[in-house]
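Our numbering puts the sequence shown at residues 3 to 223.
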Amino acid sequence: MSKAISRETSISSQESAVKTPTAVSARERAPNPPEHGAIVTGHIIGKVASNGDNRPEERGLEVSVLVRLPGGFTALLHYSELEGETPDEQASRLFFLEVGDQVTAQVLDKKPGEQGWLIWLSEQQASERTKLMTELSGEAMVGEVLEVRPNGAFVRLREGLRGWLAVGDMAGDNGEQRAARLSSLRVGDRVTVKSILKRRRRARLKKLRITLSEHGLGPAR
(Lines of atoms letter the chains of each structure in order from A; the text may use other names.)
(Lines give C-alpha, C1' and ligand atoms only; values in the text may rest on other atoms or scores of the structure.)
Protein backbone atom coordinates (compact mmCIF):
# COMPACT_ATOMS: atom_id res chain seq x y z
CA MET A 3 0.00 0.00 0.00
CA SER A 4 1.22 3.47 -0.77
CA LYS A 5 2.43 5.30 2.32
CA ALA A 6 0.72 8.53 1.33
CA ILE A 7 -2.85 8.73 0.09
CA SER A 8 -4.33 12.19 -0.34
CA ARG A 9 -7.17 13.55 1.79
CA GLU A 10 -8.92 14.42 -1.47
CA THR A 11 -9.06 10.72 -2.30
CA SER A 12 -10.55 10.06 1.13
CA ILE A 13 -13.21 12.73 0.68
CA SER A 14 -14.09 11.55 -2.81
CA SER A 15 -14.31 7.96 -1.58
CA GLN A 16 -16.71 8.88 1.18
CA GLU A 17 -18.87 10.89 -1.21
CA SER A 18 -19.21 7.71 -3.26
CA ALA A 19 -19.80 5.55 -0.19
CA VAL A 20 -22.60 7.77 1.07
CA LYS A 21 -24.45 7.18 -2.20
CA THR A 22 -24.31 3.39 -1.77
CA PRO A 23 -27.04 1.35 -0.01
CA THR A 24 -24.94 1.35 3.17
CA ALA A 25 -25.40 5.11 3.53
CA VAL A 26 -27.94 6.58 5.92
CA SER A 27 -31.04 8.03 4.27
CA ALA A 28 -32.65 11.34 5.25
CA ARG A 29 -35.40 9.42 7.06
CA GLU A 30 -32.96 7.29 9.04
CA ARG A 31 -30.37 9.81 10.10
CA ALA A 32 -30.60 11.36 13.56
CA PRO A 33 -31.35 15.10 13.79
CA ASN A 34 -27.90 16.04 15.06
CA PRO A 35 -24.55 14.43 14.18
CA PRO A 36 -21.77 13.95 16.75
CA GLU A 37 -20.03 17.16 17.77
CA HIS A 38 -16.65 18.08 16.36
CA GLY A 39 -14.02 16.64 18.69
CA ALA A 40 -16.42 14.13 20.29
CA ILE A 41 -15.14 10.65 21.13
CA VAL A 42 -17.47 8.10 19.51
CA THR A 43 -17.65 4.32 19.36
CA GLY A 44 -19.03 2.46 16.37
CA HIS A 45 -18.81 -0.71 14.33
CA ILE A 46 -17.18 -1.25 10.97
CA ILE A 47 -19.69 -1.90 8.19
CA GLY A 48 -17.33 -2.00 5.23
CA LYS A 49 -14.15 -0.84 3.56
CA VAL A 50 -13.75 1.87 0.93
CA ALA A 51 -11.41 1.66 -2.05
CA SER A 52 -9.86 4.65 -3.80
CA ASN A 53 -11.69 5.61 -6.99
CA GLY A 54 -8.45 6.85 -8.49
CA ASP A 55 -9.74 10.32 -9.31
CA ASN A 56 -6.62 11.96 -7.90
CA ARG A 57 -4.19 9.06 -8.26
CA PRO A 58 -5.14 6.61 -11.03
CA GLU A 59 -2.46 4.16 -9.93
CA GLU A 60 -4.30 3.71 -6.61
CA ARG A 61 -7.68 2.84 -8.14
CA GLY A 62 -9.25 -0.08 -6.28
CA LEU A 63 -6.88 0.11 -3.33
CA GLU A 64 -8.66 -0.10 0.05
CA VAL A 65 -7.83 3.06 1.99
CA SER A 66 -10.59 3.56 4.58
CA VAL A 67 -13.25 1.85 6.66
CA LEU A 68 -16.88 2.88 7.00
CA VAL A 69 -18.05 3.08 10.61
CA ARG A 70 -21.68 3.00 11.72
CA LEU A 71 -22.12 5.29 14.72
CA PRO A 72 -24.93 5.44 17.29
CA GLY A 73 -27.86 7.39 15.92
CA GLY A 74 -27.52 5.82 12.47
CA PHE A 75 -24.67 7.99 11.19
CA THR A 76 -22.02 6.60 8.87
CA ALA A 77 -18.45 7.93 9.14
CA LEU A 78 -15.18 7.46 7.31
CA LEU A 79 -11.96 6.41 9.03
CA HIS A 80 -8.97 6.78 6.70
CA TYR A 81 -6.04 4.42 7.25
CA SER A 82 -3.72 7.39 7.95
CA GLU A 83 -5.89 8.15 11.01
CA LEU A 84 -5.68 4.62 12.41
CA GLU A 85 -3.48 3.73 15.37
CA GLY A 86 0.12 3.03 14.43
CA GLU A 87 3.58 4.55 14.69
CA THR A 88 4.29 4.39 10.95
CA PRO A 89 2.24 4.34 7.72
CA ASP A 90 3.08 0.64 7.33
CA GLU A 91 1.68 -0.11 10.80
CA GLN A 92 -1.45 1.87 9.98
CA ALA A 93 -1.84 0.01 6.69
CA SER A 94 -1.50 -3.26 8.57
CA ARG A 95 -4.16 -2.14 11.03
CA LEU A 96 -6.49 -1.43 8.11
CA PHE A 97 -5.81 -4.86 6.60
CA PHE A 98 -6.77 -6.73 9.77
CA LEU A 99 -9.92 -4.74 10.56
CA GLU A 100 -13.09 -6.63 9.68
CA VAL A 101 -16.78 -5.89 9.38
CA GLY A 102 -18.32 -5.92 12.85
CA ASP A 103 -15.16 -4.81 14.65
CA GLN A 104 -15.65 -2.02 17.18
CA VAL A 105 -13.56 1.14 16.97
CA THR A 106 -13.34 4.25 19.12
CA ALA A 107 -12.36 7.46 17.39
CA GLN A 108 -12.58 11.24 17.53
CA VAL A 109 -14.70 13.29 15.13
CA LEU A 110 -12.29 15.31 12.99
CA ASP A 111 -14.75 17.03 10.67
CA LYS A 112 -18.29 16.85 9.32
CA LYS A 113 -20.38 18.43 6.61
CA PRO A 114 -23.86 17.84 5.16
CA GLY A 115 -23.98 15.81 1.96
CA GLU A 116 -26.66 14.94 -0.58
CA GLN A 117 -27.60 11.69 1.16
CA GLY A 118 -26.66 12.53 4.75
CA TRP A 119 -23.81 13.80 6.89
CA LEU A 120 -20.21 13.24 5.82
CA ILE A 121 -18.17 12.56 8.95
CA TRP A 122 -14.41 11.97 9.25
CA LEU A 123 -12.84 10.17 12.20
CA SER A 124 -9.40 9.71 13.76
CA GLU A 125 -8.64 6.65 15.86
CA GLN A 126 -5.14 7.97 16.53
CA GLN A 127 -6.32 11.23 18.07
CA ALA A 128 -8.94 9.44 20.16
CA SER A 129 -6.26 7.19 21.65
CA GLU A 130 -3.99 10.14 22.46
CA ARG A 131 -6.89 12.13 23.90
CA THR A 132 -8.06 9.28 26.15
CA LYS A 133 -4.50 8.72 27.39
CA LEU A 134 -4.15 12.40 28.26
CA MET A 135 -7.48 12.41 30.11
CA THR A 136 -6.25 9.49 32.20
CA GLU A 137 -3.04 11.34 33.02
CA LEU A 138 -5.01 14.41 34.13
CA SER A 139 -7.11 12.47 36.63
CA GLY A 140 -6.64 14.01 40.10
CA GLU A 141 -4.19 16.65 38.87
CA ALA A 142 -4.67 20.29 39.86
CA MET A 143 -4.57 22.58 36.84
CA VAL A 144 -5.54 26.08 35.76
CA GLY A 145 -8.27 26.37 33.16
CA GLU A 146 -10.24 29.09 31.41
CA VAL A 147 -14.02 29.42 31.66
CA LEU A 148 -15.57 28.84 28.23
CA GLU A 149 -19.27 28.99 29.07
CA VAL A 150 -21.34 29.58 32.18
CA ARG A 151 -24.65 27.75 32.60
CA PRO A 152 -27.27 27.77 35.37
CA ASN A 153 -25.85 24.57 36.87
CA GLY A 154 -22.13 24.96 36.22
CA ALA A 155 -19.45 25.98 33.73
CA PHE A 156 -17.39 24.48 30.93
CA VAL A 157 -13.66 24.99 31.41
CA ARG A 158 -10.92 24.82 28.77
CA LEU A 159 -7.95 22.76 29.91
CA ARG A 160 -4.63 22.06 28.26
CA GLU A 161 -4.19 20.20 24.97
CA GLY A 162 -7.63 21.26 23.76
CA LEU A 163 -9.53 19.31 26.42
CA ARG A 164 -12.46 20.77 28.28
CA GLY A 165 -14.13 19.80 31.53
CA TRP A 166 -17.41 20.34 33.33
CA LEU A 167 -17.38 22.19 36.67
CA ALA A 168 -20.77 21.68 38.32
CA VAL A 169 -22.00 24.25 40.83
CA GLY A 170 -21.95 21.56 43.54
CA ASP A 171 -18.21 21.10 42.97
CA MET A 172 -17.36 24.80 43.13
CA ALA A 173 -15.54 26.47 46.01
CA GLY A 174 -17.74 27.15 49.04
CA ASP A 175 -18.74 25.72 52.40
CA ASN A 176 -22.44 25.49 51.55
CA GLY A 177 -24.91 25.69 48.70
CA GLU A 178 -25.35 29.44 49.02
CA GLN A 179 -21.62 30.11 48.76
CA ARG A 180 -21.24 27.77 45.79
CA ALA A 181 -24.17 29.44 44.03
CA ALA A 182 -22.52 32.81 44.63
CA ARG A 183 -19.30 31.43 43.17
CA LEU A 184 -21.16 30.37 40.02
CA SER A 185 -22.79 33.81 39.73
CA SER A 186 -19.38 35.46 39.91
CA LEU A 187 -17.86 33.47 37.04
CA ARG A 188 -17.45 35.10 33.65
CA VAL A 189 -16.23 33.74 30.32
CA GLY A 190 -12.44 34.05 30.23
CA ASP A 191 -11.98 33.76 34.02
CA ARG A 192 -9.11 31.54 35.15
CA VAL A 193 -9.97 28.83 37.66
CA THR A 194 -7.90 26.22 39.47
CA VAL A 195 -9.56 22.81 39.24
CA LYS A 196 -8.80 19.13 39.45
CA SER A 197 -10.28 16.14 37.70
CA ILE A 198 -12.35 14.12 40.17
CA LEU A 199 -13.95 11.59 37.85
CA LYS A 200 -13.94 10.43 34.27
CA ARG A 201 -17.28 9.21 33.07
CA ARG A 202 -19.26 8.71 29.91
CA ARG A 203 -22.11 11.11 29.35
CA ARG A 204 -24.65 11.19 26.55
CA ALA A 205 -24.27 7.42 26.16
CA ARG A 206 -25.74 7.66 22.67
CA LEU A 207 -22.57 9.33 21.45
CA LYS A 208 -20.19 7.69 23.95
CA LYS A 209 -18.63 11.09 24.60
CA LEU A 210 -15.96 11.35 27.25
CA ARG A 211 -16.21 14.20 29.73
CA ILE A 212 -13.86 15.35 32.48
CA THR A 213 -15.65 16.29 35.70
CA LEU A 214 -13.89 19.01 37.68
CA SER A 215 -13.83 20.27 41.26
CA GLU A 216 -12.52 23.40 43.02
CA HIS A 217 -12.74 21.84 46.49
CA GLY A 218 -9.54 22.16 48.51
CA LEU A 219 -7.78 24.28 45.89
CA GLY A 220 -6.60 27.88 46.01
CA PRO A 221 -7.31 30.64 43.48
CA ALA A 222 -5.89 30.52 39.98
CA ARG A 223 -2.56 32.25 39.43
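Where is the CB? At the ideal position from N, CA and C, for every residue including glycine.
Measuring CB to CB, does residue 193 end up less than 8 Å from residue 150? No, they are not a contact pair.
Three-state secondary structure assigned by DSSP to residue 170: Residue state, collapsed to three classes: helix.
Taking C-alpha atoms, which residue in 187, 40 and 46 lies nearest to residue 112? That would be 40, whose Cα lies nearest to the Cα of residue 112.
Given this structure, state the Cα-to-Cα distance separating residue 105 from residue 159, to the nearest angstrom. Spanning the two alpha carbons is a distance of roughly 26 Å.
Let's test the definition: count the other Cβ atoms within 10 Å of the Cβ of residue 103 and tell me whether it reaches 16, buried, or not, exposed. Classification for residue 103: exposed.
For residue 124, which residues in the same chain have their Cβ closer than 7 Å to its Cβ, ignoring the five residues on either side in sequence? Cβ within range, chain order: 83, 107, 108 and 110.
When the Cα atoms are used, what is the spatial distance from residue 140 to residue 58? For residue 140 and residue 58, the distance between alpha carbons rounds to 52 Å.
At which residues does the alpha helix (DSSP H) containing residue 110 begin and terminate? For residue 110, there is no enclosing alpha helix (DSSP H); the residue is found in the beta strand (DSSP E) stretching over 104-114.
Please state the DSSP three-state secondary structure of residue 98. In the structure shown, residue 98 sits in a helix (DSSP, three-state: H, G or I).
Per DSSP, what kind of secondary structure is residue 84 in: helix, strand or coil? DSSP places residue 84 in coil when its eight states are reduced to three.
Just the C-alpha distance for residue 157 and residue 77, rounded to the nearest angstrom, thanks. The alpha-carbon separation between residue 157 and residue 77 amounts to approximately 28 Å.
Going by C-alpha distance, which of 174, 86, 173 and 154 is nearest residue 165? Of the residues 174, 86, 173 and 154, the one whose Cα lies closest to the Cα of residue 165 is 154.
Below 8 Å between beta carbons: does that hold for residue 50 and residue 64? Cβ distance < 8 Å, so residue 50 and residue 64 count as in contact.
Could you tell me which residues DSSP pairs with residue 189 in its beta bridges? Beta-bridge partners assigned by DSSP to residue 189: none are found.
Based on Cα-Cα distance, which residue from 183, 147 and 75 lies nearest to residue 117? Out of 183, 147 and 75, 75 has the C-alpha closest to the C-alpha of residue 117.
Enumerate, from N- to C-terminal direction, the unbroken alpha helix (DSSP H) stretches of 4 or more residues contained entirely within the region 38-69. Segments of the alpha helix (DSSP H) lying fully in the region 38-69: there are none.
Express the C-alpha separation of residue 70 and residue 86 in angstroms, rounding to a whole number. One C-alpha to the other measures close to 22 Å.
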